[in-house]
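To start, the structure itself, in C-alpha cells.
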Amino acid sequence: MAAMAGLQSSFTALSLSSKSFLGQRFSPCPSPPLVKTTKGPCPPIQAKLKRWERIKCKPNSLPIVHKMHVKLGDTVKVIAGRDKGKIGEITKIVKHNSTIVVKEINLKTKHVKSKEEGESGQIIKIEAPIHSSNVMLYSKEQNVASRVGHKILEDGKRMRYLLKTGEIIDSVENWQKAIKEREKKTEELTVAS
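So the sequence shown is numbered by UniProt numbering: it starts at 1 and just counts up by one.
Structure (C-alpha cells):
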C-alpha cells in the first residue's frame, strides 16, 4: 500500500514542459468531456467504405432494392457492351446493384492457385455480372428483342409480356422450372456443407 501511495504522489508531482504536447499547454484541470452534447438530433455515424463496397441506403439504413425488368430464368439479348447481340439465359440476380449474370456471356479469366502440392494452377473462365439496363427480354419463338409491359389478368394476377409480340413471359411452366432450379441449388448447398 505504501508503494502505491508513493507512486500516486509521484504522478501528481509530475511536471511536463509545454513543448511535450506539440505547443499545447498541459493543464492539471479536468479536460472537457469527449462527447459533445447537442440539443438537436445527432448526425448519423457513417463508415467510410471503398467505392465498390458502397450500397445506397434508405434513412432507416436498409439497402435500396432496385426494381428490375428481368427475372431469374428469362432469356435476354445484350444490347450494349462487348457482348452486344449475344443471347443467353439469366442464371443469377444481384438486386442491390441491379446486376445480372447471363449464361455464357461476359466471360472473364480467373487464375486459380493450386490447392495441393502436386497439383498445378489453372486458368478458368467465369461469368461476370452485367448491369440489367444493358439487356432486353428476347422472344425465342419470333427471334425479336422487346421491352417489357405489365398487364393484370381477369383473375387478378399481374403478368409480364413482351410489347412487340404480346407473348406472356410469366407463365406457370417458367415459374415451376425456376423453382425446381432453386430447390436443386439449395439441396446441393446443404449436401456440400
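All C-beta atoms, glycine included, are put in the ideal place defined by N, C-alpha and C.
Alpha carbons only, please: which of the options is nearest the one belonging to residue i?
i, options, result
"Thr75", "Ile168, Gly149 and Met136", "Met136"
"Lys71", "Asp170, Thr186, Leu189 and Ser114", "Asp170"
"Cys57", "Arg160, Ile90 and Asn97", "Asn97"
"residue 212", "Asn143, Val144 and Ile130", "Summary: the structure shown does not reach residue 212, with the chain confined to residues 1 through 193, and so no result is reported for it."
"Arg147", "Val102, Leu163, Ser132 and Lys103", "Leu163"
"Gln176", "Asn134, Val65 and Gly73", "Gly73"
"residue 195", "Ala145, Val102 and Arg158", "Residue 195 is absent from the structure shown; the chain starts at 1 and stops at 193."
"Ile90", "Val144, Glu173 and Glu181", "Glu181"
Can you give the Cα-Cα distance for residue i and residue j, rounded to whole angstroms?
i, j, result
"Arg82", "Asp155", "43 Å"
"Ile79", "Ile168", "21 Å"
"Gly149", "Glu183", "29 Å"
"Ser133", "Glu116", "42 Å"
"Gly121", "Glu127", "19 Å"
"Met159", "Gly166", "11 Å"
"Lys84", "Lys185", "29 Å"
"Val191", "Asn60", "37 Å"
"Lys151", "Gly118", "59 Å"
"Val144", "Glu173", "21 Å"
"Leu189", "Lys157", "33 Å"
"Ile179", "Lys113", "35 Å"
"Glu187", "Leu62", "29 Å"
Kindly list the residues whose CB is nearer than 6 Å to the CB of residue i, restricted to its own chain and excluding five residues on each side of it in sequence; keep chain order.
i, result
"Trp52", "Note that Trp52 scores a pLDDT of 49, beneath 50, so its modelled location is shaky; the value from the coordinates is reported in the next line. Result list for Trp52: empty, nothing under 6 Å."
Determine, using beta carbons only, whether residue i and residue j come nearer to each other than 7 Å.
i, j, result
"Gly88", "Ile105", "yes"
"Tyr138", "Lys77", "yes"
"Leu107", "Lys125", "yes"
"Val65", "Lys86", "no"
So, for residue i: in the same chain, excluding its five sequence neighbours on each side, which residues have a beta-carbon less than 7 Å away from its beta-carbon?
i, result
"Ile123", "Thr109 and His111"
Could you check where the beta strand (DSSP E) with residue i kicks off and where it finishes?
i, result
"Gln122", "Gln122 to Glu127"
"Arg160", "Arg158 to Leu162"
"Leu137", "Val135 to Ser139"
"Ile87", "Ile87 to Val94"
"Gly73", "From DSSP, Gly73 is part of no beta strand (DSSP E); its letter is neither H nor E."
"His150", "Val148 to Ile152"
"His111", "Leu107 to Val112"
"Thr99", "Thr99 to Val102"
Only counting the same chain, and skipping five residues up and downstream in sequence, which positions put a Cβ closer than 8 Å to that of residue i?
i, result
"Glu141", "Thr165 and Glu167"
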